[in-house]
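One line per chain: the protein sequences are A and B, in this order. Start counting the first sequence at 1; every next residue gets the next number (our numbering). Start counting the second sequence at 1; every next residue gets the next number (our numbering).
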Amino acid sequence: DTGVSQDPRHKITKRGQNVTFRCDPISEHNRLYWYRQTLGQGPEFLTYFQNEAQLEKSRLLSDRFSAERPKGSFSTLEIQRTEQGDSAMYLCASSIDRFLNTEAFFGQGTRLTVV
Amino acid sequence: GQQVMQIPQYQHVQEGEDFTTYCNSSTTLSNIQWYKQRPGGHPVFLIQLVKSGEVKKQKRLTFQFGEAKKNSSLHITATQTTDVGTYFCAGPIVGGTSYGKLTFGQGTILTVHP
């Protein structure tokens with residue numbers, strides 16, 4: 001499968017616990033994005049990597065959130081001390097660095113439920 | 001901040017009827033993209049429009065980008081049950097360092113009754 005892969009697909013956690021999600025982008029894509037989607041809404045941008053460098057972070061991304069892309073390949077998104085408001089679908093997307101090309105390929109997402 | 005609005009929020013049609021969703025941005029966009037998300041699925045890229053007044057067609061789908069590059073529409077002719085899903089428009093976030101960061105509209109949920 002050559003698409004964007006995310007793991008796990010579903011995560012249920014108790015409030016206060018830490019969770020970590022993984023994203024494997026399409027292999028030749030140097031750009032990687034994390035988005036969050038809640039029910040009835042469009043995806044909201046969280047953060048962006050070009051290769052291993054994290055270049056942008058949304059104000060939506062509180063201090064409890066951290067993302068890494070250590071070797072410019074896969075990425076992880078960690079949420080510390082989860083809150084019920086963190087319950088959402090976390091989507092990873094990747095794209096290739098080409099002028100005017102912004103087509104994003106999304107993974108199937110990780111659905112987080114905080115109880 | 002930059003806002004992208006879509007109307008309607010929901011649209012129920014009989015199979016064979018046409019469907020249109022409209023997208024409006026608070027700022028001028030360098031390009032606009034459309035995505036489809038099936039129930040339980042993830043957004044899938046449909047098309048990107050770049051030029052003012054651009055019109056593109058994909059079989060029964062027609063996409064338009066407004067002259068001022070602040071609005072767009074997606075029209076589906078003769079809907080089929082396979083068209084069911086949420087249609088999102090999205091535009092690049094102004095002022096960022098990445099051309100690929102997108103602001104999404106809230107989507108139009110399309111249901112098609114056979």
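We treat Cβ as the ideally placed atom computed from N, Cα and C, and that holds for glycine.
| Item | Value |
| --- | --- |
| Cβ-Cβ distance between ARG60/B and THR77/B below 9 angstroms | yes |
| Cross-strand partners of ASN24/B (DSSP beta bridge) | MET5/B, ASN71/B |
| C-alpha gap between SER87/A and VAL4/A, whole angstroms | 22 angstroms |
| CA nearest to the CA of MET5/B, picked from THR108/B, LYS36/B, VAL44/B | THR108/B |
| Separation of GLY16/A from GLY91/B, as counted between CA atoms | 35 angstroms |
| Beta-carbon neighbours of PHE88/B, restricted to chain A and to distances below 9 angstroms | GLY42, PRO43 |
| Beta-carbon proximity check, ALA67/A vs SER75/A, cutoff 9 angstroms | yes |
| Three-way DSSP call (helix, strand, coil) for THR38/A in this model | coil |
| Length of the line joining the Cα atoms of GLN54/A and VAL13/B | 44 angstroms |
| Contacts of ASP8/B in chain A (Cβ-Cβ under 9 angstroms) | This sequence places Pro at residue 8/B; Asp is not what is there. Near PRO8/B there are no residues of chain A at all, since even the closest Cβ is about 13 angstroms away, more than 9 angstroms. |
| Proximity below 9 angstroms, CB of THR47/A to CB of LEU61/A | yes |
| Counted within 10 angstroms of its Cβ, other Cβ atoms place HIS10/A as buried (16 or more) or exposed | exposed |
| Beta-carbon neighbours of LEU91/A, restricted to chain B and to distances below 9 angstroms | HIS42, PRO43 |
| GLY85/B at chain A interface by Cβ criterion, 9 angstroms | no |
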